[in-house]
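> The C-terminal position of the sequence shown is numbered 363 in the working numbering, with every residue numbered one higher than the one before it.
For glycine and all other residues, C-beta sits at the position ideal for the given N, C-alpha and C.
Since we're looking at a predicted model, the values are computed, not measured.
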Amino acid sequence: MTASSNDVSADEFSERLFASALATAETMSVYLGEKLGWYAALVDRGPLTSDELAEHTGTDARYAREWLEMQAAFGILHADLDTRPVRFAITAGVAEVLTDPSSLAFLGPLPQMFAASFAHLPELLDAYRTGGGVSWERLGADARESQAAMNRPWFDRRLAPSLAAVDHLHGRLSRPGTRVADIGFGGGHSTVALATAYPGATFVGLEVDAESVQMARRAAVDAGVADRVEFLLVDGAEATARGPFDIAFAFECLHDMPRPVEVLSAARASLAPGGSMVVMDEAVSDEFSGPASDLDKIMYGFSLFVCLPDAMSSPPSAATGTVMRPSTLTSYAHAAGFTRVDVLPIEDFGFFRFYELMTD
């Protein structure tokens with residue numbers, strides 16, 4: 004019998020759980036700093052006292068002081084103890100992670116995803132008992148904005164160059180008149196990035212969340228590509244009726260779908276001859292193991308609190324969850340009529356792996 008994480012003493016596990024509680028408190032304090040504009044004010048205005056931070060952000064000074072002291076206690080902010088009153092500052096590296104939406108290191112919106120879920124804990128507890136769910140729509144703006152904001156720098160900076168390095172995909176996207184589907188586009192940043200990089204192509208996005216559709220339409224207007232991008236409030240299972248497409252994409256959404264095979268089948272049927280589908284999803288391990296990698300751990304967190312309840316909110320559901328192994332995706336693709344699934348040579352793309360689904 005091999006050793007596992009269970010081979011720990013009570014004292015050791017107590018220390019671990021205490022450390023987890025500290026991390027939870029830290030994470031939620033980051034949520035407050037992001038939502039209340041406290042980090043942004045420190046970046047824009049330099050070192051501030053609690054009274055100054057409260058004044059600049061329209062918040063209460065006593066709460067601002069408690070938050071600032073907590074941030075310094077956790078080592079997120081620097082406290083100048085030689086000044087009276089104490090001034091607090093944010094360093095460049097911390098500021099980039101928490102406030103720079105163009106940085107690949109940007110994780111400021113990460114706590115929003117868990118905050119969205121924790122706001123619905125009573126509903127989640129009921130779902131865990133009954134097999135029900137809590138939909139993406141119910142999770143609300145925090146979940147929607149968190150995913151869109153964290154993925155955006157990767158789409159803006161890496162998506163087009165990564166696809167350009169795959170010759171046959173780049174060639175197809177570069178052809179004048181190419182039609183592209185983006186299924187489950189969320190905030191629309193994937194579609195906008197591709198439309199910007201490939202001006203000869205037109206794009207049709209399919210999404211079931213109404214607020215996401217509005218967000219995406221605004222993004223297309225802001226980027227100046229709205230004349231070549233159509234964002235529709237329709238299920239991905241309707242892709243066939245919107246085709247034909249030369250290529251279809253599904254970026255970090257297949258594992259959320261209650262009926263992924265149905266959507267993949269529709270996407271396959273929508274493809275023009277020689278077309279293919281590209282799925283970007285989590286780069287989790289090939290097989291379950293315990294203890295697992297940190298990537299698998301965070302994906303199980305997203306799955307338990309966000310993605311699996313979302314998928315199970317619309318029965319009948321495949322109940323995939325965020326930890327969609329390559330073998331699971333391959334089985335879905337084959338059930339949908341695709342005959343070949345390749346992992347694309349796109350590396351160093353955050354938490355993600357790219358698959359191409361084809362019909363030989």
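Can you tell me whether DSSP reads Tyr358 as helix, strand or coil?
Walking along the sequence shown from the start, residue 358 turns up at place 355. In the structure shown, Tyr358 sits in a strand (DSSP, three-state: E or B).
> Alpha helix (DSSP H) containing Ala144: first to last residue?
As a position in the sequence shown, residue 144 is number 141, starting the count at 1. Start and end: Ala144 to Trp157.
> According to DSSP, is Pro348 part of a helix, a strand, or is it coil?
Here residue 348 is taken as the residue at index 345 of the sequence shown, counted from 1. Here Pro348 sits in coil by DSSP.
> Please name the residue in His171, Leu257, Trp41 and Tyr131 whose C-alpha comes closest to that of Ile79.
What you label residue 79 is simply residue 76 of the sequence shown in a count that begins at 1. Residue Trp41 is the option with its Cα nearest to Ile79.
> Is the region 321-328 in contact with the region 289-306, if contact means three or more CB pairs nearer than 8 Å?
The region 321-328, when compared against the region 289-306, does touch it at the 8 Å Cβ threshold.
> Return the CA-CA distance between Phe355 and Pro261, expressed in angstroms with no decimal places.
Working through the sequence shown from its first residue, we reach residue 355 at position 352. Working through the sequence shown from its first residue, we reach residue 261 at position 258. Going by the C-alpha atoms only, they are around 21 Å apart.
> Using the three-state DSSP reduction, which class does Thr5 fall into: helix, strand or coil?
Working through the sequence shown from its first residue, we reach residue 5 at position 2. Annotation note: pLDDT 46 at Thr5 (below 50); position unreliable, coordinate value reported separately. Of the three classes helix, strand and coil, the one that applies to Thr5 here is coil, per DSSP.
> Got a sec, what are the start and stop residues for the alpha helix (DSSP H) Leu71 sits in?
Here residue 71 refers to the residue found at position 68 of the sequence shown. Per DSSP, Leu71 belongs to the alpha helix (DSSP H) from Ala64 to Ala76.
> With Thr333 as the anchor, note down where its alpha helix (DSSP H) starts and where it stops.
As a working mapping, residue 333 is identified with position 330 in the sequence shown. Pro329 to Ala338 is the span of the alpha helix (DSSP H), which, as asked, contains Thr333.
> In the DSSP assignment, what residue or residues form a beta bridge with Ala184?
Indexing the sequence shown from 1 puts residue 184 at position 181. Answer by DSSP bridge pairing, in chain order: Val207 and Ala251.
> With the cut-off set at 9 Å, would you say Ser53 and Arg147 are in Cβ contact?
The residue labelled residue 53 in the question sits at position 50 within the sequence shown. The residue labelled residue 147 in the question sits at position 144 within the sequence shown. Not closer than 9 Å, so no.
> So, do the region 119-138 and the region 171-178 have three or more beta carbon pairs nearer to each other than 8 Å?
With a cut-off of 8 Å, the region 171-178 and the region 119-138 do not count as touching, because too few Cβ pairs lie within range.
> Find out if the Cβ-Cβ distance for the pair Val282, Tyr201 is shorter than 9 Å.
In the sequence shown, the residue the question calls residue 282 occupies position 279. In the sequence shown, the residue the question calls residue 201 occupies position 198. No, Cβ-Cβ distance for Val282 and Tyr201 is not below 9 Å.
> Note down, one range per segment and in chain order, each beta strand (DSSP E) of at least 3 residues found wholly within the region 88-124.
Fully enclosed beta strand (DSSP E) runs of 3 or longer: 90-92.
> Between the C-alpha atoms of Glu265 and Gly227, what's the straight-line distance to the nearest angstrom?
Counted from its first residue, the sequence shown places residue 265 at position 262. Counted from its first residue, the sequence shown places residue 227 at position 224. Going by the C-alpha atoms only, they are around 33 Å apart.
> So, is Gln217 buried or exposed, given that buried needs 16 or more other C-beta atoms within 10 angstroms?
Here residue 217 refers to the residue found at position 214 when the sequence shown is read from its first residue. Result: exposed.
> Report the option in Ala204, Leu332 and Met153 whose CA atom is closest to the CA atom of Gly190.
Start at 1 with the first residue of the sequence shown, and residue 190 comes out as number 187. Closest by alpha carbon: Met153.
> Is Arg2 helix, strand or coil when you go by DSSP?
Since the first and last residues shown for the chain are 4 and 363, residue 2 lies out of range.
> Let's test the definition: count the other Cβ atoms within 10 Å of the Cβ of Thr5 and tell me whether it reaches 16, buried, or not, exposed.
As a first step, residue 5 is located in the sequence shown; it is residue number 2 there, counting from the start. Caution applies to Thr5, whose pLDDT of 46 falls short of 50 and renders its modelled position unreliable; the model cannot decide the point.
> Out of Arg65, Thr86, Phe91 and Asp85, which one is the CA nearest neighbour of Phe77?
Numbered from its first residue, the sequence shown carries residue 77 at position 74. The shortest Cα separation from Phe77 among Arg65, Thr86, Phe91 and Asp85 belongs to Phe91.
> Could you check which residue in Glu210, Asp230 and Ser106 has the C-alpha nearest to that of Gly239?
In the sequence shown, the residue the question calls residue 239 occupies position 236. Answer by Cα proximity: Glu210.
> My output table needs one value for Arg178: the three-state DSSP class, helix, strand or coil.
Reading the sequence shown from its first residue, position 175 is the one you call residue 178. Reduced to three states, the DSSP call for Arg178 is coil.
> Thinking just about the alpha-carbon of each residue, which of Ala222, Ser279 and Ala275 is nearest to the one in Ala253?
Within the sequence shown, the letter at position 250 stands for residue 253. Minimum Cα distance to Ala253 is reached at Ser279.
> Between which two residues does the beta strand (DSSP E) containing Met315 stretch?
Taking the sequence shown and counting its residues from 1, one reaches residue 315 at position 312. Per DSSP, Met315 belongs to no beta strand (DSSP E) and is neither H nor E.
> Could you give the residue range of the alpha helix (DSSP H) that holds Ala82?
Translated into positions along the sequence shown, residue 82 becomes position 79. Unbroken run through Ala82 is the beta strand (DSSP E), His81 to Asp83; no alpha helix (DSSP H).
> May I have the straight-line CA-CA distance separating Ser32 from Phe352, to the nearest angstrom?
For the purposes of this step, residue 32 is taken as residue 29 along the sequence shown, with counting starting at 1. For the purposes of this step, residue 352 is taken as residue 349 along the sequence shown, with counting starting at 1. Rounded to the nearest angstrom, the two C-alpha atoms are 28 Å apart.
> Can you tell me the Cβ-Cβ gap for Thr62 and Leu25, rounded? I've got them flagged as a contact below 8 Å.
Here residue 62 refers to the residue found at position 59 of the sequence shown. Here residue 25 refers to the residue found at position 22 of the sequence shown. The pair is not a contact, with the Cβ atoms about 24 Å apart (cut-off 8 Å).
> Reducing DSSP to helix, strand and coil, say where Glu290 ends up.
For this step, residue 290 is matched to residue 287 along the sequence shown. Note: Glu290 maps to coil in three-state DSSP.
> Cutting at 8 Å between CB atoms, please list the residues of its own chain near Ser106, excluding the five before and the five after it.
Here residue 106 refers to the residue found at position 103 when the sequence shown is read from its first residue. Contacts found: Glu99, Val100 and Pro156.
> Leaving out five residues before and five after Asp145 in sequence, what residues of the same chain have Cβ atoms less than 8 Å from its Cβ?
Counting from 1 along the sequence shown, the entry for residue 145 is found at position 142. So the qualifying residues of the chain are Gln115, Met116, Ala118, Ala119 and Ala122.
> Val195 and Val232 look like a contact to me (Cβ under 8 Å); what is the Cβ gap, rounded to whole Å?
For this step, residue 195 is matched to residue 192 along the sequence shown. For this step, residue 232 is matched to residue 229 along the sequence shown. About 7 Å; that satisfies the 8 Å criterion.
> Cβ atoms of Ile186 and Ala270: under 9 Å apart, would you say?
Residue 270 sits at position 267 when you count from the first residue of the sequence shown. Residue 186 sits at position 183 when you count from the first residue of the sequence shown. In this structure, Ile186 lies closer than 9 Å to Ala270 by Cβ.
> Phe206 to Arg220, Cα distance in whole Å?
As a position in the sequence shown, residue 206 is number 203, starting the count at 1. As a position in the sequence shown, residue 220 is number 217, starting the count at 1. The straight-line gap from Cα to Cα measures roughly 12 Å.
> Ignore the nearest five residues each way along the sequence and tell me which others in Arg182's own chain have a CB closer than 6 Å to its CB.
Locating residue 182 in the sequence shown gives position 179, counting from the first residue. Excluding residues within five positions, the ones whose Cβ falls inside 6 Å are Thr205, Phe248 and Asp249.
> Under the rule that 16 or more other beta-carbon atoms within 10 Å means buried, what is Arg87, buried or exposed?
Taking the sequence shown and counting its residues from 1, the one referred to as residue 87 is at position 84. Arg87 comes out exposed.
> Looking at the structure shown, is Ser279 part of a helix, part of a strand, or coil, going by DSSP?
What you label residue 279 is simply residue 276 of the sequence shown in a count that begins at 1. Strand, per DSSP.
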